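As structure tokens, the structure follows; a few thoughts come after it.
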Amino acid sequence: AAIMTATLALSLAGCGGSSGDSKSSGSSDSSVANADKPLCWFNRQPSNSSTGELDKNALNFNKDTYYVGFDANQGAELQGTMIKEYIEENIATIDKNGDGVIGYVLAIGDIGHNDSIARTRGVRKALGTDVEKDGAINSDPIGTNTDGSSKAVKDGSIEVGGKKYIIRELASQEMKNSAGATWDAGTASNAISAWASALGDSIDIVISNNDGMGMAMFNSWSQENGVPTFGYDANTDAVAAIADGYGGTISQHADVQAYLTLRVIRNALDGVDIDTTPDAAGNVLSSDVYYYNEDERSYYALNVAVTADNYTDFTDSTKPYGPVSNQLDATTSPEKSVWLNIYNAADNFLSATYQPLLEKYDDLLNLKVDYIGGDGQTEANITNRLGNPSAYDAFAINMVKTDNAASYTSLLNQ
Ligand code: BGC
């Protein structure tokens, strides 16, 4: 009889998920309505993809809803400044064809994504190629602009050592593939070939809204041609490439963001103050690496420039941030289950940097996370896999399109 009871218990425990019974996943608390469970948006802030206006409904879905990202404007300014300083320091060799015009091409990630828009603006502002549109810097792609006649950008200028140079955005394009995936590295690699044949040695600098696209262009063209290439994210491969001539990148402190993504959930589930720091395990997140904006319900990590001067400090982008890498005690923070999606499993930053970090922190924070990898194209490809929200204690969501928060919250409201 004892054996039979044990067998029955085992087979019941193995039923997982299919019955729709919230107890089936083991740890979810069935007394909490899905609409009241902690929800953390990350990487793509709920917002209007045309105007950038924050989606306050989504950010205030319930009392335990937050967004975790990074300060896009501070990072964009750093990226622009890093490139400008590089030009100044390398003025003797940068203008390949010696025509007095320093030409750059720009790979744009997603014209409806605030991070991408900020980076395009940051580069144009620092290099003086910015033009105003509706009260802000125009962030539209320009196609090609060989002669400087584009209306969406203008020629900038820089004076170094008593000599004046023109800075021109020769070309820019949103890197979206035919299936609709944005920030697409393959598209960037095709674009640089087309730009190289059309613009040749007038391309002095290659700039990208992220390292995924930047490295695709570096590997397929710029390294071989000795053209400095700049990205964003400080993925491990891009940092390593600095030794081989990659110009530089920006760390958006993914190690801090991945921690915060899971920490806001952990603290909400434990019913402790969301900002508890240091926590019982001695983890401390100090204000030099992030800040919280109460009104926006958003945590923003701060960015750091990674160049030839300091890249050896950034060689592993998947290493947890030291001050927050202590294991939580499972008696006070017991295992909980979390549903978490990555909007595009093929995105370099998310798959090579962010998710590996999350996987390390989930152990430290005693969270059992189900990672769902999307196709980067449609929300349905992801929401289809949120069929049984009752099986989870909390949710962490990375949308395909920042306008689409309701595709997820409607499932939690049912
Ligand atoms: C990253 C990009 C990434 C995008 C995805 C950005 O913050 O810098 O590399 O493709 O997020 O949403």
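If you use this note's numbering, the sequence shown corresponds to residues 801 to 1214, in order.
The beta carbon of each residue, even a glycine, is placed where N, CA and C say it ideally should be.
Keep in mind that this is a model prediction, so the values were computed, not measured.
Residue i versus residue j: straight-line alpha-carbon distance, rounded
i               : j               : result
asparagine 945  : isoleucine 887  : 20 Å
valine 1106     : valine 832      : 44 Å
asparagine 1093 : threonine 1076  : 16 Å
lysine 925      : isoleucine 911  : 17 Å
alanine 981     : serine 949      : 30 Å
glycine 1187    : isoleucine 1197 : 14 Å
aspartate 955   : glutamate 969   : 7 Å
alanine 1194    : glutamate 1159  : 16 Å
tyrosine 1099   : aspartate 855   : 15 Å
asparagine 860  : aspartate 1073  : 17 Å
serine 1210     : alanine 1146    : 26 Å
aspartate 947   : aspartate 940   : 18 Å
alanine 1043    : isoleucine 883  : 17 Å
glycine 928     : lysine 964      : 13 Å
isoleucine 1215 : asparagine 977  : Past the edges of the chain, shown from 801 to 1214, lies residue 1215, and the structure says nothing about it.
methionine 1199 : asparagine 843  : 8 Å
lysine 1201     : leucine 1085    : 30 Å
tyrosine 1192   : serine 1137     : 5 Å
leucine 1212    : leucine 839     : 10 Å
asparagine 1166 : aspartate 871   : 28 Å
glutamate 1024  : aspartate 1095  : 48 Å
leucine 1164    : valine 960      : 50 Å
asparagine 848  : asparagine 914  : 9 Å
Integer Cβ distance of residue i from residue j, believed to fall under 8 Å
i                 : j             : result
alanine 907       : alanine 988   : 5 Å
phenylalanine 942 : valine 901    : According to the sequence provided, residue 942 is isoleucine. The question's phenylalanine does not apply to it. That belief does not hold up - the Cβ atoms of isoleucine 942 and valine 901 are roughly 16 Å apart, past 8 Å.
asparagine 862    : aspartate 836 : 6 Å
threonine 865     : arginine 1097 : 6 Å
glutamine 1155    : tyrosine 1143 : Contact flag wrong, Cβ pair sits at about 11 Å.
asparagine 1141   : glycine 1174  : 6 Å
*asked:* With a threshold of 8 Å, are at least 3 pairs of Cβ atoms found where one atom belongs to the region 1028-1040 and the other to the region 879-895?
replied: yes
*Taking the runs of the alpha helix (DSSP H) that are 4 residues or longer, which of them lie wholly in the region 1087-1139?*
none
_Quick check: the region 1007-1018 against the region 904-918, are at least 3 beta-carbon pairs closer than 8 Å?_
yes
*List in chain order: all unbroken beta strand (DSSP E) runs of 3+ residues lying wholly within the region 860-886.*
865-870
_So within the region 1025-1075, which uninterrupted alpha helix (DSSP H) runs reach at least 4 residues, ignoring any that extend past its ends?_
1036-1041, 1054-1070
*Write down every uninterrupted run of the beta strand (DSSP E) in the region 961-994 whose length is 3 residues or greater and which is fully enclosed by it, in chain order.*
963-974
_Count Cβ pairs between the region 1127-1139 and the region 997-1005 that sit closer than 8 Å; are there 3 or more?_
no
*asked:* Would you call the region 1149-1157 in contact with the region 1063-1070, where contact means no fewer than 3 C-beta pairs closer than 8 Å?
replied: no
*asked:* Which complete beta strand (DSSP E) runs does the region 1128-1193 hold, if anything under 3 residues is left out?
replied: 1136-1142, 1167-1173
*At least three beta-carbon pairs within less than 8 Å, the region 1200-1214 to the region 1175-1186*: yes
*Enumerated in chain order, which unbroken segments of the alpha helix (DSSP H) with a length of 4 residues or greater are wholly contained in the region 909-944?*
914-927
*Okay, do the region 1046-1058 and the region 1106-1116 touch, 3+ Cβ pairs below 8 Å being the bar?*
yes
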